[in-house]
Amino acid sequence: MPVPHDQLHALAHALSEAEHNATPIPPLTEQAPEITPEEAYAVAADIVVHELEHGHRIVGRKVGLTNEAMQAVFGIDTPIYGTIFDDTTVRDNGRIKSSELIHPKAEPELAFRLKSPLSGPGVTLEDVIAATEYVFPALEIVDCRIEGWRIKEQDIIADNGVAARVVVGSTRLSPGAFDLLTEEAVLYRNGEEFERAQASAVLGNPALSVAWCANKLAEFGQGLRAGEFVMTGTITTAMDVRAGDTVRAEFATLGGVSVRFT
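Sequential numbering of the sequence shown, starting at 22, is according to the numbering used here.
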């Protein structure tokens with residue numbers, strides 16, 4: 022049985038309030054056990070409308086659960102997407118207030134900035150390369166508005182893909198200027214290495230993550246716009262962070278990007 026529209030709206034409101042107050046709520050899959058992934062995307066879309074009505078702008082999209090390690094953590098075998106707003110980006114070497122988050126994690130990612138729009142269905146890897154202005158290094162800070170990360174696929178989708186902050190690195194390279202597959206990322210916390218992996222961990226090629234996003238958006242009558250960027254998914258597993266931590270990702274070609282949690 023479909024979840025009533027007013028209940029989906031109430032769930033979206035609860036998630037928005039949880040983010041605003043940095044106070045988690047019970048899993049949506051417990052509040053509405055019958056919720057489908059499609060209905061979860063409707064909840065996320067309601068959150069997007071709320072953000073736009075409050076003056077925020079969409080600057081990009083994020084794709085999550087794009088590597089097998091993270092899919093295994095949550096028992097999910099397909100990517101998901103979320104929306105990135107202008108008030109959630111952080112400059113390289115910037116600071117993030119831990120009090121504004123619930124239980125954040127850091128992820129090293131490649132981000133693709135588009136010079137031309139991409140609209141599915143049928144977007145290919147070649148289309149992505151042609152539409153990309155440059156690739157830059159980034160840290161995605163994910164945060165779950167659900168208690169204790171007790172989440173299923175529908176919870177992740179509804180919670181805007183657990184998007185929270187994006188730390189934007191300064192290097193800009195054409196996707197043809199380096200090897201997207203073998204680009205290695207090393208994730209550090211307070212100077213100690215947490216994990217390293219190659220970008221091929223992201224769907225075999227991070228550009229395919231952008232293609233997946235464009236094609237998925239087409240199911241909802243949307244697309245990727247010129248000037249937006251796409252976070253392609255974590256290269257390593259996600260790393261827990263807390264106040265006082267300094268997080269850095271060092272990429273083989275793209276260099277480093279870092280942030281401090283206060």
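Glycine residues also receive a C-beta, built at the ideal position from the N, C-alpha and C atoms.
Just so you know, these numbers come straight off a predicted model, no measurement behind them.
How long is the line joining the alpha carbons of residue i and residue j, rounded to whole angstroms?
i: ILE233; j: ASN226; result: Checking the sequence, you will find Trp at residue 233 rather than Ile. Distance between the alpha carbons of TRP233 and ASN226 is about 11 Å.
i: VAL144; j: GLY265; result: 42 Å
i: GLU128; j: ALA185; result: 12 Å
i: ILE150; j: PRO196; result: 7 Å
i: ARG78; j: VAL69; result: 10 Å
i: LEU202; j: GLU51; result: 39 Å
i: GLN243; j: GLN92; result: 25 Å
i: ALA179; j: LEU245; result: 20 Å
i: GLY81; j: PHE106; result: 7 Å
i: ALA53; j: LYS173; result: 12 Å
i: THR257; j: ALA218; result: 6 Å
Going by C-alpha distance, which of the options is nearest residue i?
i: THR153; options: ILE256, GLU59, LEU73 and LEU229; result: LEU229
i: GLU214; options: ALA270, VAL187, GLU121 and GLU51; result: ALA270
i: VAL163; options: THR253, ALA132 and LEU122; result: LEU122
i: GLY212; options: GLU240, GLY277, PRO158 and VAL156; result: GLY277
i: ALA35; options: GLU168, HIS124 and ASP98; result: GLU168
i: GLN175; options: VAL189, ALA65, GLU40 and PRO25; result: ALA65
So, is residue i buried or exposed, given that buried needs 16 or more other C-beta atoms within 10 angstroms?
i: ASN88; result: buried
i: VAL268; result: buried
i: GLU147; result: exposed
i: ASP288; result: An answer regarding residue 288 cannot be provided, because it is not within the stretch 22 to 283 covered by the chain.
i: ARG134; result: buried
i: VAL223; result: buried
i: LYS33; result: According to the sequence as given, residue 33 is Ala; it is not Lys. Looking at its Cβ environment, which holds 16 or more other Cβ atoms inside 10 Å, ALA33 is buried.
i: ASN42; result: exposed
i: ARG263; result: exposed
i: GLU38; result: exposed
i: ALA198; result: exposed
i: PRO142; result: exposed
Just checking my contact of residue i with residue j at CB under 8 Å: how many whole Å lie between their CB atoms?
i: GLN55; j: MET22; result: Note that residue 55 corresponds to Glu in the displayed sequence, not to Gln. That pair is a contact at about 6 Å.
i: MET252; j: LYS83; result: 4 Å
i: THR283; j: ARG166; result: Incorrect: roughly 21 Å between the Cβ atoms, too far for contact.
What are the partner residues of residue i, as DSSP defines its beta bridges?
i: PRO129; result: LEU160
i: LYS83; result: GLY103 and MET252
i: ALA270; result: LEU208 and VAL278
i: GLN219; result: GLU205
i: ARG171; result: In DSSP, ARG171 forms no bridge with anything.
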